[in-house]
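First the structure, in the form of structure tokens, and then the observations on it.
Protein chains in written order, with my numbering: chain A, 29 to 356; chain B, 753 to 1076; chain C, 254 to 556; chain D, -10 to 310.
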């Protein structure tokens, strides 16, 4: 199933790279190339072969983990990803954790307080959360916390003084992990300070989404007869809410968690741009400006594969949580 | 059998609706004695389920409750929510119409029962498991060891209802409220569950408030019965006399309209019209518009309570206060 | 914002339920002051985009004419939202920017909902291999991170308003296809549809009389909910420079231009268009939420 | 005979086994034989899983039939061409349990009742305008209901509308699938009376499906008792209810609570629960819950045998002759 999806995705990305209006060979050769140079490159890239043959080659390269080269830098895209992917993952993982913890708590509390003040407030806040353009929020945060208050850095992943005085040795690519492994707490604190704003902005939408979802699921579950049965048995409300109902509510919510994770990655594109975060998003936006198709397509493909695998994991978790789902 | 366990007096419940205040219960009164099986019958919308919920203190937030529910003479309506919950947990138990929905689908039977047993008895580990098995055995489940680890959807409807009954018995309650416990089950399973309820009631001296629309179920299991109509008890008494000699025209009409072997191939007597909604003001007898023998007074004067024997009463203008 | 915000409702909405008594729905909706306020706000927003030329003294600047002499003026009496890097009145540009933002949001939802509904209905009704094929296609499209796919498509097709709209619709239609397919399948099992079959009512008539009317209402509710996300997504792509070409005003484009000057103290160029996006998206979401709550019999269980 | 059912078998595909490795099918109706005379009521009773509703759906072409023969007024329904089916099946109509789900919530009563007439181009629009109120009066509703929507009707009224719609094409046979199960007792009596009157006046035959034995008994001329997709006993209603022979029928009737418990002969209840149709027991399907079970019942499936005035499927009865 998941493999089928990935195969389908490959076909679409390939198709997209085929319908590119401008001639890749010309782009690759550069603006001042002579026609015979362009033709040579075309042959070199295999662009003169049949579509089917090209797709075979394309798929073959993908299977070997080769995403092609950037038109502009001529560097293998895989090499670039090794640099950019960890930066994005660090941001995304952190904001997902924030989203889960924050969202589920708000959702449960709002449902418990259904129809009263916290619930109404929660409704307004969470709807605002899904209505606010993240890139704009990022700019506002920069204005407030950097320009006005000067509490936090405006962007980047690490301060210049850290780079000069106590650079982090890259092992995992996650600054927080690497710095901690190294015992470099000066750098660790600085990395964390740089993470705060992007994480907060990136978490806004998923927090709201998860909260709304959890609330809706909880309200649904709370009307079920088995909750009434638990109430009739005199179980304390806290037990009912957090020990019993939450498990029922989490099952449908999980699907959204997958989605919110997906959002975190795509939302990262815009937010990384604003915070000059050296991650995938910035890599892609730079590629957009330079119409560097192999990069755009390659990143899309990689991110999609990650997304599909995450959904697979979520399906498995759901299988564990919900005894009603039998293996099909 | 000794003494009064539950007394419901003048219970009124109103709901706010888009169309105004809806009066769901208009003064329900009846009493259940310790250890007896008491039937509460009525058609849909008469307020029987709500009566059960109100006794437990589980009404929706937009409901306004007046009147009193007393257990052993203590008015539950005056208790704090916390005390009320304790009473609910220890002295009352409830089973539902659809056992499949009343069991939590994502926990095993054992986990669900343990949560309740632990709460009431603060048992741990081995003792907890032993107690759970005893309860399952008690309700006639042959292999508690397997059932404990089963999820509700692995069980048949009859088994699910047995599990529910076991859970309700966990706290050794004095009153079990059974809301249409067999409506969703097949007749043969229904017979099993009803006989289980009567057996348990006798063995543990638990009173059962059996809420149902099925007169046959009442006849087969209950000692006394209250007939609800439009949020009021119109007749209450021993099942034998109420069913053989009903006084209230509604009870009479209802019993007459049941298909029975001797009425085969005949038209059944019917009650015309329909149950009034909670939004209608009913100054007189609620049944007056549908009643064949309505008197002028029925329309605007509330009917008096008439006692025939100490325990058989009705609310109707047709009889004077001496009960003739 | 990239995933349509109505997602929660997709799984939990009143979509598959019977239409409820309309009197009650209207009553509940009217009592929801937040929803009514957002309806009013939306009317005002749409009207001011529509009548933009009459609401400002600088309609030409709104359309993009530079006015270099008045660069970077802070908000004042004459320029309530200040002026931008080319001296254009930000208030006028916000008014005009609403046109492309709102228009493309509506276009996205109409395109995605239209195409998705057709595909979903076909899949649900005809079934068989066609159903299988359409559903596998939705699987694949849903596997893409929506914004990235939209970016790729928009880049490939050359940036521009039309292509942005097209790109987002491509990533959105599978949602509608799935909802509609689900609705169709449940409806097919409903007794009134079976009864119609037994009575010998023809298939086209069953679809027209029994299925479509019961599908359209939930799709419309969903569409309202999605307008909020559509505005966000459209402005996101515009922010990346993949949408409207300058000098046409657009909220996303304006933020992207204003962003460059924020740290030198010029906060107003980016702030006001962002506020416009936020308010309109919020209003659509609140409205959709209100309709949802009013139409869902479970949240209004009173008696 | 109005309708003749021979060897009707219906199976559903079911996925079984771990990871769906084994595909198996569940037989919900097996070799079912039934007959129905004109103007007669055949009551079909059984517990859940007995296949009663599948029987209704199979007759109306709502589920695919694996094999068997359904002849209705001499025509084999399962082998007719599509066009012919439409002409023959208009004579068979159905009434479902829940009237609200049988009515499109968006259609007015008038449009609901007019639908079959329009579908068969039965009448000109003006005739429909006259005929629909007539149909409503037939089921005891006044023309003021014409403009109402289903949610503005009570359960009894809605079921009357469904009946009016079913009558529109002048059917010969109505399949009644638990028509009163969703209604209140007092309303149930009204609908039962109405059904009796309609049968008398229109010469309708009923296939009356219900789990409520007292209701079935009230209306039926003949009874078929079903268990796990098979008929275990069938015959005249008085005989079946008065002198049930099959052990299952006896147990079923014993289980029905009556208003007069003192009349009851025994208090025994059936011990086991109904097995799933997906895994029917070997031998006689009733044997796991039969009090009189013998070794032979566990091995061999008894055939449906005819006695004086009934048919039954039981080794013990066959032996007793």
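Every residue, glycine too, gets a C-beta built ideally from N, C-alpha and C.
Between residue i and residue j, what straight-line distance do the alpha-carbon atoms span, to the nearest angstrom?
i: residue 207 of chain A; j: residue 217 of chain A; result: 9 angstroms
i: residue 179 of chain A; j: residue 127 of chain A; result: 23 angstroms
i: residue 62 of chain D; j: residue 215 of chain D; result: 24 angstroms
i: residue 232 of chain A; j: residue 846 of chain B; result: 43 angstroms
i: residue 151 of chain D; j: residue 196 of chain D; result: 16 angstroms
i: residue 335 of chain C; j: residue 416 of chain C; result: 32 angstroms
i: residue 457 of chain C; j: residue 210 of chain D; result: 40 angstroms
i: residue 543 of chain C; j: residue 482 of chain C; result: 16 angstroms
i: residue 286 of chain D; j: residue 218 of chain D; result: 17 angstroms
i: residue 390 of chain C; j: residue 949 of chain B; result: 55 angstroms
i: residue 1030 of chain B; j: residue 776 of chain B; result: 5 angstroms
i: residue 771 of chain B; j: residue 942 of chain B; result: 39 angstroms
i: residue 190 of chain A; j: residue 149 of chain A; result: 42 angstroms
i: residue 558 of chain C; j: residue 123 of chain A; result: The structure shown does not extend to residue 558 of chain C, since chain C spans only 254 to 556, so no value can be given for it.
i: residue 331 of chain C; j: residue 120 of chain A; result: 44 angstroms
i: residue 1035 of chain B; j: residue 984 of chain B; result: 13 angstroms
i: residue 352 of chain A; j: residue 346 of chain A; result: 10 angstroms
i: residue 265 of chain A; j: residue 272 of chain A; result: 10 angstroms
i: residue 861 of chain B; j: residue 882 of chain B; result: 14 angstroms
i: residue 386 of chain C; j: residue 167 of chain D; result: 39 angstroms
i: residue 274 of chain C; j: residue 95 of chain D; result: Caution is warranted here: a pLDDT of 41 is assigned to residue 274 of chain C, below 50, making its placement in the model unreliable, and the coordinate value is therefore given only provisionally. Cα to Cα, residue 274 of chain C sits roughly 11 angstroms from residue 95 of chain D.
Just confirm the distance between the C-beta atoms of residue i and residue j, as a whole number of angstroms; I'd bet it's less than 8 angstroms.
i: residue 283 of chain A; j: residue 397 of chain C; result: Their Cβ separation, rounded to whole angstroms, is 17 angstroms, which puts residue 283 of chain A and residue 397 of chain C out of contact at 8 angstroms.
i: residue 172 of chain A; j: residue 330 of chain A; result: With 8 angstroms as the limit, residue 172 of chain A and residue 330 of chain A do not qualify as a contact, their Cβ atoms being about 34 angstroms apart.
i: residue 763 of chain B; j: residue 821 of chain B; result: 7 angstroms
i: residue 381 of chain C; j: residue 434 of chain C; result: About 13 angstroms; that fails the 8 angstroms criterion.
i: residue 242 of chain A; j: residue 200 of chain A; result: Not a contact, Cβ separation roughly 31 angstroms.
Check this for me: beta carbons of residue i and residue j, under 9 angstroms apart or not?
i: residue 235 of chain D; j: residue 301 of chain D; result: yes
i: residue 509 of chain C; j: residue 485 of chain C; result: no
i: residue 961 of chain B; j: residue 1007 of chain B; result: no
i: residue 1001 of chain B; j: residue 1009 of chain B; result: no
i: residue 858 of chain B; j: residue 276 of chain A; result: yes
i: residue 25 of chain D; j: residue -10 of chain D; result: yes
i: residue 515 of chain C; j: residue 337 of chain A; result: no
i: residue 760 of chain B; j: residue 818 of chain B; result: no
i: residue 308 of chain C; j: residue 348 of chain C; result: yes
i: residue 314 of chain C; j: residue 325 of chain C; result: no
i: residue 979 of chain B; j: residue 1068 of chain B; result: no
For residue i, collect the residues of the same chain with a Cβ closer than 6 angstroms to its Cβ; drop the 5 residues on either side in sequence, then sort them by chain order.
i: residue 993 of chain B; result: 1064
i: residue 727 of chain B; result: With chain B represented from 753 up to 1076, any question about residue 727 of chain B goes unanswered, as that position is not in the structure.
i: residue 1071 of chain B; result: 1058
Spatial neighbours of residue i within its chain, please: CB distance less than 8 angstroms, with the 5 preceding and 5 following residues excluded, ordered by chain position.
i: residue 162 of chain A; result: 229, 230, 232, 233, 295, 298 and 299
i: residue 242 of chain D; result: 202, 230 and 233
i: residue 197 of chain A; result: 206 and 210
i: residue 183 of chain D; result: 128, 129, 149 and 152
i: residue 102 of chain D; result: 121, 124, 125, 150, 153, 154 and 157
i: residue 186 of chain A; result: 196, 203, 215, 218, 219 and 222
Can you give me the Cβ contacts of residue i inside the same chain, cut-off strictly under 7 angstroms, excluding the 5 residues immediately before and after it?
i: residue 814 of chain B; result: 767 and 768
i: residue 259 of chain A; result: 268
i: residue 278 of chain A; result: 349
At 7 angstroms on the CB atoms, spell out the chain F contacts of residue i, in chain order.
i: residue 1023 of chain B; result: Included in the structure are the protein chains A, B, C and D, with no chain F among them.
(Q) Give the list of continuous alpha helix (DSSP H) stretches no shorter than 4 residues that lie fully inside the region 898 to 967 of chain B. (A) 909 to 921 and 939 to 956
Q: Within the region 153 to 206 of chain D, note down every full beta strand (DSSP E) run reaching 3 residues or more, in order along the chain.
A: 162 to 166 and 194 to 199
Q: Identify every run of the beta strand (DSSP E) within the region 15 to 75 of chain D, keeping only runs that are complete inside it and at least 3 residues long; order them along the chain.
A: 30 to 34 and 56 to 61
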